[in-house]
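Please read the structure below before turning to the comments.
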DNA sequence: GTCTATAATTTGATAGAC
DNA sequence: GTCTATCAAATTATAGAC
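Residue numbers (the numbering used here), protein chains in the order written: chain A, 1 to 211; chain B, 212 to 422.
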């Protein structure tokens, strides 16, 4: 759960420049996207000279690929971890959602970042994500739901069910900025709203799928 | 419902250059976002010289503002239209969702476009959306739900309920590209999936909120 | 490894002929 | 109104000193 962030902070603390650059690049890419990001902003964020970026990562695209791949892989691992569990499917969904909210509350930009870059350059993303990762998601989460439907544990189209779960988890974070504007709330209030929402969603999943 | 698209097509058919440019700009901005869009691509898409864009809209920002405002206003009108209805709240939710899916299936890029530009430049968006539109949403949809909660028609936090409805409607379209990659489906199959999903969501809303 | 200086490229914007 | 030619600015990338 929380040892990811501890690990990240340790990495940054006693970091070589390369790790420092990756952390800075991640935060700037998440904020601005690939097209909207200036290398200068990454350099400023890392507190180094802009040309050092080229020394470590040759060019902007390479740096982006590294950052995106790491961010995506981190999410993928967590999604796939649940595939090993043999809990009842509704419990697994709740565990998935709880974990998703825990991560997203700490790092709310990642979901929009991924769906957005996927949208703007599907080919590139397909190459980065390279089958293995995505098929992991499919084998893990979707396959688990498929089995539960076969067993009669739950009813419905597995794909629709999966899209429902992911929508309920991801969209409140993807639309963070719009939600904040719509309801006129600052970052602190938004975080509270999402913490409350975590409990709300766990109940909702139970209500929807418990037979 | 469908006369929007007819109207759009008529506009483009017997269009002046200005309308032609706006249609081209909308499609390119939706695909690439503001930062990722090159004026040359808009000009190519409209089949005109790049400098003509400056004649009509002075600069990139002005063109973007016009396109974004029109796109947002179109959505806003539809969301707000339901505020006038006096149907039971669950019926209103279903009408909202049905209409949302009808529009989004025809024009699936608009949701990601809006939340993404909101994320990248909240201040700018706030200025464009200029209070009035967003407060319209608030007064319309949210206020309606608040009243229903007060009346005991439904239970729960109105804001959480609204985020749930919007997530179920918007996210399957915002994450279109990722869904297509995850489940390995082309545009045609995706459209069928969303048509099926429309029916699925109407049932789901009933299941969640009907007491 | 890190910096300064500079090149190369892309992109947005303007001027002016027609 | 639309085009060609041109300018100006921003941004990425490289070369070379230290």
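Ideal placement from N, C-alpha and C gives every residue a C-beta, glycine not left out.
CB contact flag (residue i, residue j, <7 Å)
| i | j | result |
| --- | --- | --- |
| residue 240 of chain B | residue 228 of chain B | no |
| residue 108 of chain A | residue 31 of chain A | no |
| residue 68 of chain A | residue 163 of chain A | no |
| residue 378 of chain B | residue 167 of chain A | yes |
| residue 183 of chain A | residue 90 of chain A | no |
| residue 412 of chain B | residue 304 of chain B | no |
| residue 63 of chain A | residue 35 of chain A | no |
| residue 171 of chain A | residue 287 of chain B | no |
Closer than 7 Å at the beta carbon, the chain B residues around residue i
| i | result |
| --- | --- |
| residue 167 of chain A | 378, 379, 382, 383 |
| residue 93 of chain A | Neighbours of residue 93 of chain A on chain B: none; closest Cβ ~14 Å, over 7 Å. |
| residue 27 of chain A | Result: empty, since nearest Cβ-Cβ is about 14 Å, beyond 7 Å. |
Inter-residue spacing [alpha-carbon to alpha-carbon] between residue i and residue j
| i | j | result |
| --- | --- | --- |
| residue 322 of chain B | residue 146 of chain A | 29 Å |
| residue 267 of chain B | residue 119 of chain A | 29 Å |
| residue 142 of chain A | residue 196 of chain A | 27 Å |
| residue 215 of chain B | residue 178 of chain A | Bear in mind that a pLDDT of 43 at residue 215 of chain B, under 50, signals an unreliable position, so the number given afterwards is only what the model happens to contain. Rounded to the nearest angstrom, the two C-alpha atoms are 25 Å apart. |
| residue 311 of chain B | residue 326 of chain B | 16 Å |
| residue 2 of chain A | residue 161 of chain A | Any reading at residue 2 of chain A needs caution, since the residue's pLDDT is 39, under 50, leaving its predicted position unreliable; the model's value is listed next. Each residue's alpha carbon lies about 28 Å from the other. |
| residue 88 of chain A | residue 308 of chain B | 30 Å |
| residue 422 of chain B | residue 405 of chain B | 27 Å |
| residue 324 of chain B | residue 281 of chain B | 13 Å |
| residue 22 of chain A | residue 33 of chain A | 15 Å |
| residue 398 of chain B | residue 384 of chain B | 12 Å |
| residue 72 of chain A | residue 140 of chain A | 15 Å |
| residue 181 of chain A | residue 337 of chain B | 8 Å |
| residue 49 of chain A | residue 334 of chain B | 29 Å |
| residue 78 of chain A | residue 144 of chain A | 15 Å |
| residue 20 of chain A | residue 332 of chain B | 26 Å |
| residue 360 of chain B | residue 410 of chain B | 25 Å |
| residue 59 of chain A | residue 414 of chain B | 50 Å |
| residue 86 of chain A | residue 362 of chain B | 43 Å |
| residue 155 of chain A | residue 367 of chain B | 26 Å |
| residue 402 of chain B | residue 380 of chain B | 14 Å |
| residue 306 of chain B | residue 258 of chain B | 39 Å |
| residue 165 of chain A | residue 263 of chain B | 47 Å |
| residue 369 of chain B | residue 418 of chain B | 17 Å |
Amino acids of chain B, ordered along the chain, whose beta-carbon sits closer than 9 Å to that of residue i
| i | result |
| --- | --- |
| residue 112 of chain A | 323, 326, 327, 330, 385 |
Chain-ordered chain B contacts of residue i [CB-CB under 8 Å]
| i | result |
| --- | --- |
| residue 126 of chain A | 392 |
Contact list for residue i against chain A, beta-carbon separation under 7 Å
| i | result |
| --- | --- |
| residue 231 of chain B | Those within 7 Å of residue 231 of chain B in chain A number zero; the least Cβ separation is about 24 Å. |
**Prompt:** According to a CB-to-CB cut-off of less than 9 Å, which residues of the stretch 31 to 52 of chain A neighbour chain B?
**Reply:** 31, 32, 33, 34, 35, 36, 37
**Message:** At a CB distance below 9 Å, what residues from the stretch 196 to 208 of chain A approach chain B? Give them in sequence order.
**Reply:** 196, 197, 200, 201, 204, 207, 208
**Asked** Within the chosen definition, does the stretch 91 to 108 of chain A reach the stretch 42 to 55 of chain A through at least 3 CB pairs nearer than 8 Å?
**Response** no
**Prompt:** Taking any Cβ of chain B, which residues in the stretch 148 to 166 of chain A have a Cβ under 8 Å from it, in chain order?
**Reply:** 156, 157, 159, 160, 163, 164, 166
**Item:** Against chain A: residues of the stretch 269 to 302 of chain B by CB proximity under 7 Å
**Value:** none
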